[in-house]
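In what follows, a structure is listed as structure tokens, so that the remarks can point back to it.
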Amino acid sequence: MEAADEEKAGNGRNGYAEGPAEAAAERGGGGGRLRGCRGFLRRNALVLLTVSGVVAGVALGAAVRGAALGPAQVVYLAFPGELLLRMLRMVILPLVVCSLVSGAASLDTRSLGRLGGIALAYFLGTTLLASGLAVALGFIVRPGAGASALNAPGLGLPGAVPTSKETVDSFLDLVRNLFPANLVAAAFRTYATEYKLLPKNTTSGNATWEKIPVGTEIEGMNILGLVLFALVLGVALKKLGQEGEDLIRFFNSFNEATMVLVSWIMWYVPIGIMFLVGSKIVEMEDIVLLVTSLGKYIFASVLGHFIHGGIILPLIYFASTRQNPYRFLLGLITPLATAFATCSSSATLPSMIKCIEENNRVDKRISRFILPIGATVNMDGAAIFQCMAAVFIAQLNNVDLNPGQIFTILVTATASSVGAAGVPAGGVLTIAIILEAIGLPTNDLSLILAVDWIVDRTTTVVNVEGDALGAGILNYLNQKEKKDKEQELKEVGVEAVANSKSEGETSPLVTHKNQVSNTTSTADPESKESVL
């Protein structure tokens, strides 16, 4: 009985002691959940603010649209967004040059050639897939069928259409821009061919005019020339060895300082995005009429971007890495939202480099080498946009495209997207090249310009998504090669140790030494003394 009473008392004491402990554990669990929630909000504050900025911009545009603002008021409304674009463009030049120089200098020549070859194959392959998808969707959806009466004054279409350029001159300009005559001028000007009409055969009375190409410099950064120069400079510094170390460290420090500036600018992104989206909604004169008139073209273009960016590119990433592509893209919500708001691959580059390194743990040497090149030459979304526009204009003019013209569209769109400017409406200028190549009029480009502000957003998102997934694939392949090399070195080391042990056991010298020591140890003390 006493033992039972003691046991009950012990249980009672234990229960009394355990009650506050359980309550403290419950309070600790609630505090842990609260701390976890705070940590989640702290880690994803920028993402949540950016998405909120897009939603707030749509609401702001819808609310202010009824106020009938004048052109001057719309400019004032867009001023915070204009500041964001100016700040992002400000860091593009040092970011591209320094990141490419440091990236090329940090990789050995063999790795540089291998990664460059894989990146080139990836860029060309995905762009060709995007072009083929756009042409196929154009024939399935038929966005231009029955839309011959679209040039109505109520659409508010811009009257300025880009001047047509010969296909040969366009590709020659691309090659010329790869080798700028002046690096300082390449930071803000680029080469372009214009035409001068000269009279011909005036003596016979039947005067004809001959179009002569004339080279001019137009406003805009020559990003192709800067990219090529930075890559070659990085390789040259690597070849110098010890003499080039100081300059490599300078570019590395410059690059890191630029990334610090980017991290500061990123906190202004939500505010700038809100006013950019809101001002664009206010600028449109009649959105309902525009969407109803060109709705099939908008639907076909956005559907192509969704299929390519949401299915094809993730499948390529999964097939290459066997990893979840959507988890990879989840860490890039901020640059994707920036691309949606700014419509500029170049302006999205700073935030993309920052997020892909911090959130997805991509090697700095890979990201700062591939992403600037991808922002210049990899334009999957632009290829979809251009091919869809070419098919749309052909159907608008009741022109049945033959297989030769379809092949010309695919090749020309893939090649011309390399030289497309990473700025808003940069792809519209290259559509004129495709139309000239297949013999279609460029007058209907005003229709494309009318809805470019809608389609260009998804175009830019797909462009930067393709760059990011390409960097992820290259990072995986680089890490895999590193692990394979380490495994080979370990196997070689194990074999070397095993060989040394076997050699030690069978070596004649060691055998002789052991024999001598054994004979001396087994000898009697007298023999030892006699030997001494």
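Residues in the sequence shown are numbered from 1 upward in steps of one, following my numbering. By construction, the Cβ of each residue, glycine as well, lies at the ideal position given by its N, Cα and C atoms.
Closest Cα partner of residue i within the set the options
{"i": "residue 435", "options": "452, 394, 415 and 466", "result": "394"}
{"i": "residue 52", "options": "269, 252, 106 and 69", "result": "269"}
{"i": "residue 83", "options": "170, 410, 237 and 272", "result": "272"}
{"i": "residue 141", "options": "173, 295 and 411", "result": "295"}
{"i": "residue 101", "options": "238, 399, 308 and 362", "result": "238"}
{"i": "residue 229", "options": "253, 64, 212 and 180", "result": "180"}
{"i": "residue 312", "options": "55, 131, 118 and 371", "result": "131"}
{"i": "residue 468", "options": "397, 54 and 119", "result": "119"}
{"i": "residue 259", "options": "88, 55 and 324", "result": "88"}
{"i": "residue 211", "options": "219, 196 and 255", "result": "196"}
{"i": "residue 456", "options": "143, 60, 371 and 277", "result": "277"}
{"i": "residue 169", "options": "185, 213 and 145", "result": "213"}
{"i": "residue 128", "options": "194, 415 and 248", "result": "415"}
{"i": "residue 174", "options": "442, 109, 446 and 412", "result": "412"}
{"i": "residue 331", "options": "321, 77, 355 and 350", "result": "355"}
{"i": "residue 409", "options": "399, 388 and 183", "result": "388"}
{"i": "residue 182", "options": "236, 484, 323 and 222", "result": "222"}
{"i": "residue 372", "options": "382, 345, 249 and 390", "result": "345"}
{"i": "residue 376", "options": "93, 76, 279 and 78", "result": "93"}
{"i": "residue 49", "options": "338, 145 and 326", "result": "338"}
{"i": "residue 309", "options": "43, 329, 399 and 227", "result": "329"}
{"i": "residue 476", "options": "134, 488, 363 and 403", "result": "363"}
{"i": "residue 403", "options": "189, 349 and 139", "result": "139"}
Collapsed DSSP secondary structure at residue i in the structure displayed
{"i": "residue 399", "result": "coil"}
{"i": "residue 11", "result": "The predicted model places residue 11 with a pLDDT of 49, which falls under 50 and marks its position as unreliable, so this point remains unresolved."}
{"i": "residue 142", "result": "coil"}
{"i": "residue 242", "result": "helix"}
{"i": "residue 166", "result": "coil"}
{"i": "residue 123", "result": "helix"}
{"i": "residue 51", "result": "helix"}
{"i": "residue 355", "result": "helix"}
{"i": "residue 440", "result": "coil"}
{"i": "residue 67", "result": "coil"}
{"i": "residue 235", "result": "helix"}
{"i": "residue 344", "result": "coil"}
{"i": "residue 332", "result": "coil"}
{"i": "residue 93", "result": "helix"}
{"i": "residue 72", "result": "helix"}
{"i": "residue 267", "result": "coil"}
{"i": "residue 314", "result": "helix"}
{"i": "residue 87", "result": "helix"}
{"i": "residue 180", "result": "coil"}
{"i": "residue 475", "result": "helix"}
{"i": "residue 108", "result": "coil"}
{"i": "residue 259", "result": "helix"}
{"i": "residue 320", "result": "helix"}
{"i": "residue 361", "result": "coil"}
{"i": "residue 274", "result": "helix"}
{"i": "residue 78", "result": "coil"}
{"i": "residue 393", "result": "helix"}
{"i": "residue 388", "result": "helix"}
{"i": "residue 378", "result": "coil"}
{"i": "residue 34", "result": "helix"}
{"i": "residue 44", "result": "coil"}
Burial state of residue i (16 or more Cβ within 10 Å)
{"i": "residue 432", "result": "buried"}
{"i": "residue 198", "result": "exposed"}
{"i": "residue 317", "result": "buried"}
{"i": "residue 34", "result": "exposed"}
{"i": "residue 253", "result": "exposed"}
{"i": "residue 474", "result": "buried"}
{"i": "residue 109", "result": "exposed"}
{"i": "residue 386", "result": "buried"}
{"i": "residue 218", "result": "exposed"}
{"i": "residue 465", "result": "buried"}
{"i": "residue 81", "result": "buried"}
{"i": "residue 122", "result": "buried"}
{"i": "residue 460", "result": "buried"}
Which residues DSSP lists as bridging residue i, in chain order
{"i": "residue 189", "result": "219"}
{"i": "residue 210", "result": "198"}
Assumed close pair residue i, residue j - CB separation to whole angstroms, cut-off 8 angstroms
{"i": "residue 463", "j": "residue 379", "result": "5 angstroms"}
{"i": "residue 74", "j": "residue 283", "result": "6 angstroms"}
{"i": "residue 178", "j": "residue 215", "result": "The Cβ separation is near 15 angstroms, so there is no contact."}
{"i": "residue 137", "j": "residue 300", "result": "5 angstroms"}
{"i": "residue 274", "j": "residue 57", "result": "4 angstroms"}
{"i": "residue 366", "j": "residue 471", "result": "6 angstroms"}
{"i": "residue 298", "j": "residue 64", "result": "Contact doesn't hold; Cβ gap of about 23 angstroms is too wide."}
{"i": "residue 107", "j": "residue 369", "result": "7 angstroms"}
Residue i at chain B interface by Cβ criterion, 7 angstroms
{"i": "residue 183", "result": "The structure shown contains no chain B; it is built from a single protein chain."}
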